[in-house]
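> To convert, count from 1 in the sequence shown and add 529; that's my numbering.
The beta carbon of each residue, even a glycine, is placed where N, CA and C say it ideally should be.
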Amino acid sequence: DFLLDYPELVSFEVRSEFFRKASKSEINMFRRPTLHVDRKNILETSFNEFQKLSTSEIKHGFNIEFEGEKLTDEEVTKKDWFNCLSKEIFDPQNGLFTVTKPHKCLIPNSLSNHLSYFNFVGQFIAIALIDGATLNNAHFASSIIRVILDREPDIEDLQEVDDELYKSLKRILENDVESKGMTFQVD
530 DFLLDYPELV
540 SFEVRSEFFR
550 KASKSEINMF
560 RRPTLHVDRK
570 NILETSFNEF
580 QKLSTSEIKH
590 GFNIEFEGEK
600 LTDEEVTKKD
610 WFNCLSKEIF
620 DPQNGLFTVT
630 KPHKCLIPNS
640 LSNHLSYFNF
650 VGQFIAIALI
660 DGATLNNAHF
670 ASSIIRVILD
680 REPDIEDLQE
690 VDDELYKSLK
700 RILENDVESK
710 GMTFQVD
């Protein structure tokens, strides 16, 4: 609880290592299911394979096997899977995420019709954090990072997402808008 209440007192590296060790200590290394993934269609096949797993199986770990490839080293194969899948997940061409301008940060694509994929992406990110895997191209906006860390986003986070909206809201907050006859109402 102390680390959650005062994260600024301990370096990110120490907090990350603590998180990984605490998470891994709960993971049972026995009878791990194997996900059979097509490298050429890694996003869809990984998503479909995940749908077959229970939350407990996801939490306790699994192995990856690329279709048509001989498994030589489970850890190397899993790292390769993290690498390849993260490139696909965070590629704006796939429609799950979009890149903000000018900050070039990732935010979920509001036009995406792949809502079921976002649960999968959340699980994938959690597993990557536990395993200490690197997520390629995962440059999230600070508001997304705050949500992942169970922190409340604030108005300053909006600047990375929509600079014009941010500036407009800041002007409203910093100036007397009532004297100009402006009122705001939520229905």
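For the region 536-610, list the alpha helix (DSSP H) runs that are entirely contained and at least 4 residues long, ordered along the chain.
List check, alpha helix (DSSP H) in window: 541-554, 571-580, 584-589.
> Measure from the alpha carbon of Leu564 to the alpha carbon of each residue in Glu586, Asn642, Asp683, Glu689, then state which is nearest.
Against the sequence shown, residue 564 aligns to sequence position 35. The shortest Cα separation from Leu564 among Glu586, Asn642, Asp683, Glu689 belongs to Glu586.
> By DSSP, does Pro621 sit in helix, in strand, or in coil?
The residue you call residue 621 lines up with position 92 of the sequence shown. Here Pro621 sits in helix by DSSP.
> What residue range is occupied by the uninterrupted beta strand (DSSP E) comprising Val628?
Within the sequence shown, numbered from 1, the residue matching residue 628 stands at position 99. Element bounds for Val628: 626-628.
> What does DSSP give as the partner residues of Leu635 in its beta bridges?
Here residue 635 refers to the residue found at position 106 when the sequence shown is read from its first residue. Looking at the DSSP assignment, Leu635 forms a beta bridge with Val628, Phe669.
> Which whole-angstrom value is the C-beta distance of Asp670 and Cys634, which I expect to be below 8 Å?
For the purposes of this step, residue 670 is taken as the residue at position 141 of the sequence shown. For the purposes of this step, residue 634 is taken as the residue at position 105 of the sequence shown. The sequence shown places Ala at residue 670, not Asp. With a Cβ gap of about 4 Å, Ala670 and Cys634 count as contacting.
> Alpha carbon to alpha carbon, how far is Asn592 from Phe611? Give it in angstroms, no decimals.
In the sequence shown, counting from the first residue as 1, residue 611 sits at position 82. In the sequence shown, counting from the first residue as 1, residue 592 sits at position 63. Distance between the alpha carbons of Phe611 and Asn592: 12 Å.
> How big is the Cα-Cα spacing for Leu702 and Pro536?
Mapped onto the sequence shown, residue 702 falls at position 173. Mapped onto the sequence shown, residue 536 falls at position 7. Their Cα atoms are separated by approximately 29 Å.
> If I measure Cβ to Cβ from Tyr646 and keep anything under 7 Å in the same chain, skipping five residues before and after, which residues do I get?
On the sequence shown, residue 646 is found 117 positions in, with the first residue counted as 1. So the qualifying residues of the chain are Phe576, Leu625.
> Only counting the same chain, and skipping five residues up and downstream in sequence, which positions put a Cβ closer than 8 Å to that of Leu698?
In the sequence shown, residue 698 corresponds to position 169, counting from 1. These residues qualify, in order along the chain: Ile684, Leu687.
> State the Cα-Cα distance for the pair Ala662 and Lys696, rounded to the nearest angstrom.
As a position in the sequence shown, residue 662 is number 133, starting the count at 1. As a position in the sequence shown, residue 696 is number 167, starting the count at 1. About 36 Å.
> Just reading off the alpha helix (DSSP H) that Leu698 is part of, what are its end residues?
Within the sequence shown, numbered from 1, the residue matching residue 698 stands at position 169. Taken as a continuous stretch (DSSP letters only), the alpha helix (DSSP H) holding Leu698 covers 692-703.
> Rounded to whole angstroms, how far is the Cβ of Ile654 from the Cβ of Glu617, which I believe are closer than 8 Å?
Translated into the one-based positions of the sequence shown, residue 654 becomes position 125. Translated into the one-based positions of the sequence shown, residue 617 becomes position 88. Actually they do not touch by this definition, with Cβ atoms about 14 Å apart.
> Please state the DSSP three-state secondary structure of Glu681.
Here residue 681 corresponds to residue number 152 of the sequence shown, with the count starting at 1. Glu681: coil per DSSP, three-state reduction.
> Do Val690 and Thr629 have their beta-carbon atoms positioned less than 8 Å apart in this structure?
As a working note, residue 629 is residue 100 in the sequence shown. As a working note, residue 690 is residue 161 in the sequence shown. In contact: Thr629 and Val690 (Cβ atoms closer than 8 Å).
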